[in-house]
Ligand SMILES: NC(=O)c1ccc[n+]([C@@H]2O[C@H](COP(=O)([O-])OP(=O)(O)OC[C@H]3O[C@@H](n4cnc5c(N)ncnc54)[C@H](OP(=O)(O)O)[C@@H]3O)[C@@H](O)[C@H]2O)c1
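In structure tokens form, the structure reads like this:
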């Protein structure tokens, strides 16, 4: 009798917060791991802890995804290691500062990490998954993808990209054995907030989820085959109505004539 082998999960941004919890939960679920982030000491400590508790194989893969050479090494790993069955695109950064108070170089680096690195890693992993007829990609977006007025607009735009990219990818890979899930966390208690300049303690406690709860809920959504998982949204009917409106509009969005409301008055 053959036992179920989940394979190896490569997780970006695994040194803290949501990524570290994905590492823990996926190892407990039987995955071996490749952990990617910049902070080697934190990655090593996490890897040792997970190896001790779960007995899984854990590889530490230090990389700055804002650095083209480091990013290329992670891409090569994804292309060459056929044991990798799951890519968790989690590394990301954000801020709450208004557009005009934000340094454009910092905004550009945010796009490089949240959008370009995520895209390149997906391009590196997906062809192998398609060729093998199995594999999965989990992309960590954010609720600001559909509420871009909430935080910094470049951050919201980058997460809207992650959502749209995931939806398109899922559509394209649906019959190829590759699963794609976008996760839209609400405010979650991690270093993300302090790094972005607003410690999480400054937010109302009733809107902040524990990272453990976020990841456990997101993985339940993954097991259920959800395309989009929003753990903090209690009224799923609201999301369903939003999606239904989008699908209703889709066939009507392109036309050879302007809508009557744009006809010049005579
Ligand atoms: N916390 C929230 O409220 C919230 C809400 C919605 C979405 N999210 C998203 O969730 C994801 C994880 O964030 P988190 O909340 O867990 O925050 P976090 O604790 O700050 O984790 C961010 C992770 O990304 C890594 N990272 C940052 N820059 C990197 C780079 N240039 N190269 C490689 N790795 C890099 C960090 O590790 P190193 O510093 O070691 O590189 C860290 O492991 C992000 O995509 C974020 O946008 C968070």
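In my numbering, the protein residues as written are 5 to 270.
We treat Cβ as the ideally placed atom computed from N, Cα and C, and that holds for glycine.
Have a look at the options and flag the residue whose alpha-carbon is nearest the alpha-carbon of residue i.
i           : options            : result
residue 209 : 226, 190, 200, 219 : 190
residue 157 : 91, 227, 107       : 107
residue 148 : 135, 182, 188, 178 : 188
residue 119 : 130, 155, 103, 143 : 143
residue 90  : 232, 216, 138, 104 : 138
residue 96  : 224, 204, 239, 15  : 15
residue 175 : 212, 160, 245, 230 : 230
residue 22  : 212, 192, 71       : 192
residue 9   : 24, 25, 32         : 32
Got a sec? Which residues, its chain only, sit under 6 Å from residue i by beta carbon, not counting five neighbours each side?
i           : result
residue 43  : 19
residue 128 : 79, 82, 83
residue 257 : none
residue 66  : 44
State the beta-bridge partners of residue i as determined by DSSP.
i           : result
residue 65  : 40
residue 193 : 214
residue 47  : DSSP output for residue 47 lists no bridge partner at all.
residue 143 : 93, 186
residue 16  : 40
residue 232 : 186
residue 88  : 12
By DSSP, does residue i sit in helix, in strand, or in coil?
i           : result
residue 263 : coil
residue 52  : helix
residue 167 : helix
residue 9   : coil
residue 207 : coil
residue 22  : helix
residue 150 : coil
residue 244 : helix
residue 70  : coil
residue 174 : helix
residue 118 : helix
residue 82  : helix
For residue i, which residues of its own chain have a beta-carbon under 7 Å away from its beta-carbon, when the five flanking residues on both sides are left out?
i           : result
residue 134 : 177, 180, 182
residue 234 : 147, 188, 243
residue 24  : 18, 50
In its own chain, which residues sit with a C-beta less than 8 Å from the C-beta of residue i, not counting the 5 before and 5 after it?
i           : result
residue 217 : 235
Give a yes or no on whether the minimum CB-CB distance between residue i and chain D is below 8 Å.
i          : result
residue 20 : Of the protein chains in the structure, only one exists, and it is not chain D.
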